[in-house]
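Protein chains in written order, with our numbering: chain Y, 5 to 188; chain S, 151 to 307. C-beta: ideal position from N, C-alpha, C; glycine also. Just so you know, these numbers come straight off a predicted model, no measurement behind them.
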Amino acid sequence: MKIKNLKLTAIAAVVGLATGGTVLADTFTATATVSNVITVTETTPLSFGTLSVIGGDVNDVAPTATLTVPNDGTADQINNVSQGTNAKITIISGVTPGVLQISGAAADSAISIAAGPKTTLAHPTGPALDFTPEVGGPAAAFGATTTDAAGELTLYVGGALSTQETVTYIDGTYSGTYEVTLSY
Amino acid sequence: MDIKGSLPYALLALLLLSPSSGKAWSSTEEEPLSFGIFAAPDNSSVHKLRIFYDNSLPDTVGQIYILEPGRAGRYRLSGLPANRSLNITVTATPMRTVANPLVNEEFVLDSFIYPPTITDATGSALLELGATLSTTGSGSSYQSTQYRASITITVNL
Numbered sequence: 005m006k007i008k009n010l011k012l013t014a015i016a017a018v019v020g021l022a023t024g025g026t027v028l029a030d031t032f033t034a035t036a037t038v039s040n041v042i043t044v045t046e047t048t049p050l051s052f053g054t055l056s057v058i059g060g061d062v063n064d065v066a067p068t069a070t071l072t073v074p075n076d077g078t079a080d081q082i083n084n085v086s087q088g089t090n091a092k093i094t095i096i097s098g099v100t101p102g103v104l105q106i107s108g109a110a111a112d113s114a115i116s117i118a119a120g121p122k123t124t125l126a127h128p129t130g131p132a133l134d135f136t137p138e139v140g141g142p143a144a145a146f147g148a149t150t151t152d153a154a155g156e157l158t159l160y161v162g163g164a165l166s167t168q169e170t171v172t173y174i175d176g177t178y179s180g181t182y183e184v185t186l187s188y
Numbered sequence: 151m152d153i154k155g156s157l158p159y160a161l162l163a164l165l166l167l168s169p170s171s172g173k174a175w176s177s178t179e180e181e182p183l184s185f186g187i188f189a190a191p192d193n194s195s196v197h198k199l200r201i202f203y204d205n206s207l208p209d210t211v212g213q214i215y216i217l218e219p220g221r222a223g224r225y226r227l228s229g230l231p232a233n234r235s236l237n238i239t240v241t242a243t244p245m246r247t248v249a250n251p252l253v254n255e256e257f258v259l260d261s262f263i264y265p266p267t268i269t270d271a272t273g274s275a276l277l278e279l280g281a282t283l284s285t286t287g288s289g290s291s292y293q294s295t296q297y298r299a300s301i302t303i304t305v306n307l
């Protein structure tokens, strides 16, 4: 009887080892990489070409003239000049819409685009022209601002170039910068 | 035969051979759990990224945008009893960046998912592990860098 009891005790110990408690606990590393940066490359600068510009007067019914370049990659500048009473903009040579290439974004994702605020194209010594930028997708898919499978998107830059009131413009190059903000 | 005298030695042998002795089993990371590369531009509310254990297309809820999909973790568990269904639990630390100590914002890892895991005749099993990453919704921004978390896999018999 004594021997039998000892055998039972040994079996109970084996069962306890095999069914109770933690068998394995090990630690590993999980990773994630955040990339919130969307790269914007200006492949073609926006140019209003060569213009003849005459300033108006603040007392005019229409004191300013405005040249508008569409933000869809077209440059139908002839039909997009709004002349003032005395202020005039006459196109001498062609307008070139700006082109921005977006990369590094998520694939097939809608991108929110904001251009602005209103800025100026300055002359080194003379008065400035007002410029309100507008940025959009291509004319073939107007309004489409969704990246492709590679996370890329082509945007076009246009905007409105306006004379200021009661100024006399002089010859020269007028230049400035504008802001474009992209977000998911 | 002196059974009473040999019993302590038998028990010692059983302890040394037991899976819980720390020597009989092993775990090997065949593929780390990765949430890939993504944009997380907003943290005003909680957004989620789910990685599935079968590596099907990751799923997002809210404003997380996948740039490069992540992968499920794969861990080889060996030296366990044969043909045994494993009771597995997984926990994780908050996911933080180590490259830039100025970044305080972290991700939360939870909702670990894995299929029923059973050892084969040799006492080996492959644990395929998916999980959900969540933004905190605290309003703080996430910087563009790598984030890491420690995950602990516990197997009970």
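Taking 9 Å as the Cβ-Cβ cut-off, the stretch 32-44 of chain Y approaches chain S at F32, T33, A34, T35, A36, T37, V38, S39, N40, V41, I42, given in chain order. Nearest neighbour of V196 of chain S by Cα position, chosen from S:A232, S:I214, S:P231, turns out to be S:I214. Looking at the DSSP output, D30 of chain Y shares a beta bridge with S:I303.
Under the 8 Å criterion on CB atoms, Y173 of chain Y is classed as non-interfacial with respect to chain S. Scanning chain S for C-beta atoms nearer than 9 Å to the C-beta of D152 of chain Y yields nothing, as the closest lies near 13 Å away. Rounded to the nearest angstrom, the gap between the Cα atoms of N63 of chain Y and A132 of chain Y is 19 Å. Taking 8 Å as the upper bound for CB-CB distance, T178 of chain S and A249 of chain S are not in contact here, some 27 Å apart. For S184 of chain S, the uninterrupted beta strand (DSSP E) run begins and ends at 184-189, by DSSP.
In the three-state reduction of the DSSP assignment, N84 of chain Y falls in the helix class. Nearest to A126 of chain Y by alpha-carbon distance, out of Y:D76, Y:G120, Y:Y188, Y:T177, is Y:T177.
Here L207 of chain S is exposed: its Cβ has fewer than 16 other Cβ atoms, across all protein chains shown, within 10 Å. Shortest Cα-Cα distance from V103 of chain Y to any of Y:G163, Y:I96, Y:T68, Y:A109 involves Y:G163. Identification of chain S residues near A118 of chain Y by a Cβ-Cβ cut-off of 7 Å yields none; the smallest Cβ-Cβ distance measures about 14 Å. With fewer than 16 other Cβ atoms from the protein chains shown falling within 10 Å of its own Cβ, I268 of chain S counts as exposed. Between T172 of chain Y and the set Y:S166, Y:T48, Y:T35, Y:V57, the nearest pair of CA atoms involves Y:V57. If you ignore the 5 residues before and after S176 of chain S, its C-beta comes within less than 6 Å of the C-beta of S228, G229, all in its own chain and listed in chain order.
Its chain contains I268 as the residues whose beta carbon lies nearer than 6 Å to that of S235 of chain S, once the 5 sequence neighbours on both sides are disregarded; these appear in chain order. Under the Cβ distance rule, T302 of chain S counts among the residues neighbouring chain Y, one pair being separated by less than 8 Å. In the three-state reduction of the DSSP assignment, D270 of chain S falls in the coil class. Along the stretch 285-298 of chain S, the positions whose C-beta sits under 9 Å from a C-beta of chain Y are S291, Y292, Q293, S294, T295, Q296, Y297, R298, read in chain order. For N237 of chain S, the uninterrupted beta strand (DSSP E) segment begins and ends at 237-242. By the criterion of a C-beta distance shorter than 8 Å, Q168 of chain Y is surrounded in its chain by G59, T68, P131, A132, L133, D134, once the five residues flanking it on both sides are discounted.
Per DSSP, E180 of chain S is one residue of the beta strand (DSSP E) stretching across 176-181. The contact set of L186 of chain Y on chain S, defined by CB atoms closer than 8 Å, is empty, because the minimum CB distance reaches about 10 Å.
At a C-beta separation below 7 Å, S113 of chain Y has these neighbours in chain S: Y215. Residues of chain Y with a Cβ closer than 8 Å to the Cβ of V248 of chain S do not exist, since the nearest Cβ in that chain sits about 10 Å away.
Residue range 198-201 is occupied by the beta strand (DSSP E) that includes R200 of chain S. For E278 of chain S, DSSP records a beta bridge to S:R224. With the criterion set as a beta carbon lying under 9 Å from some beta carbon of chain Y, the members of the stretch 180-196 of chain S are P182, L183, S184, F185, G186, I187, F188, A189, A190, P191, D192, in sequence order. Interface annotation, L28 of chain Y: in contact with chain S, CB-CB separation under 8 Å. Closest in alpha carbon position to I174 of chain Y, among Y:S187, Y:G141, Y:P128, Y:G140, is Y:P128.
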